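Visitor: Numbering (the numbering used here), first residue to last: 169 to 410. Even for Gly, the Cβ is constructed at its ideal location relative to N, Cα and C. Quantities reported herein were computed from a predicted structural model and do not represent experimental measurements. Before I ask anything, let me first share the structure, which is written out below as structure tokens.
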């Protein structure tokens with residue numbers, strides 16, 4: 169109830185403001201060969217169809233939703249995210265984004281509950297982004313969680329960029345991380361893991377294309393009782409902005 173209330177208040181403020189000022193509506197749809205979130209496959213290493221839409225005011229206030237099929241978690245076949253935040257620029261070289269995001273699995277009947285809320289923020293400077301997210305009770309009720317990441321996009325040639333990502337997933341304790349990553353993780357699993365990706369992106373014929381190598385520093389034995397969900401893989405995606 170508290171999770172829904174946070175986003176309901178943000179949405180009400182934004183939609184109320186829409187009546188008083190101009191708003192920009194946008195949408196997107198994506199095909200991906202695998203849905204990887206923080207390095208881990210959310211769809212049991214299978215294809216995903218994803219999409220969402222956003223409403224943004226001239227002030228920088230925005231609200232939106234995004235959805236994808238999933239298949240790696242008990243009882244859940246779809247993930248629907250709801251978010252609201254504020255984005256802007258300090259100057260022409262430095263931009264920022266802060267907000268709150270609710271990850272929802274509407275068909276999930278798992279115990280513990282998979283739904284969770286994060287507060288996020290990032291600063292972007294000259295092609296690079298540094299960001300962080302905080303959840304007071306992360307996925308599957310695994311308590312306090314922090315995520316710190318860096319992204320950098322390097323132009324290789326006209327209409328082609330090299331995209332780099334490194335993320336640090338930090339849990340509150342070894343026990344919480346063990347509860348997240350699954351049984352048989354070992355006596356001393358630690359309380360964190362690294363995710364990373366290296367990719368190329370381009371656009372043409374009205375579409376955006378990406379090919380990325382994505383992985384984690386988790387071994388197969390550490391990953392959800394010996395699954396391949398954390399293995400390094402190549403992910404292809406094609407997106408269309410609406």
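With DSSP as the reference, label residue 407 as helix, strand or coil.
Guide: In the structure shown, residue 407 sits in a strand (DSSP, three-state: E or B).
Visitor: Among 368, 397, 222, which residue has its Cα nearest to the Cα of residue 333?
Guide: Minimum Cα distance to residue 333 is reached at 368.
Visitor: Could you have a look at residue 192 and say whether DSSP puts it in helix, strand or coil?
Guide: Residue 192: strand per DSSP, three-state reduction.
Visitor: Once you ignore the five residues that flank residue 262 on each side, which residues in its own chain have a CB closer than 8 Å to its CB?
Guide: Excluding residues within five positions, the ones whose Cβ falls inside 8 Å are 291, 292, 293.
Visitor: Decide if residue 381 is buried, meaning its Cβ has at least 16 other Cβ atoms within 10 Å, or exposed.
Guide: Exposed, by the Cβ-count rule.
Visitor: Could you say which of 195, 191, 200 lies nearest to residue 402 if we only look at CA atoms?
Guide: Minimum Cα distance to residue 402 is reached at 200.
Visitor: Who does residue 301 pair with in a DSSP beta bridge?
Guide: BP columns for residue 301 point to 288, 315.
Visitor: So residue 194 packs on residue 409, CB below 8 Å; how close in whole Å?
Guide: At roughly 7 Å, the Cβ-Cβ gap stays under 8 Å, so residue 194 and residue 409 are in contact.
Visitor: Just to confirm the assignment, what range does the beta strand (DSSP E) spanning residue 360 have?
Guide: Element bounds for residue 360: 360 to 372.
Visitor: Beta carbon of residue 393, beta carbon of residue 350: below 7 Å?
Guide: Yes, the pair counts as a contact, with Cβ atoms nearer than the cut-off.
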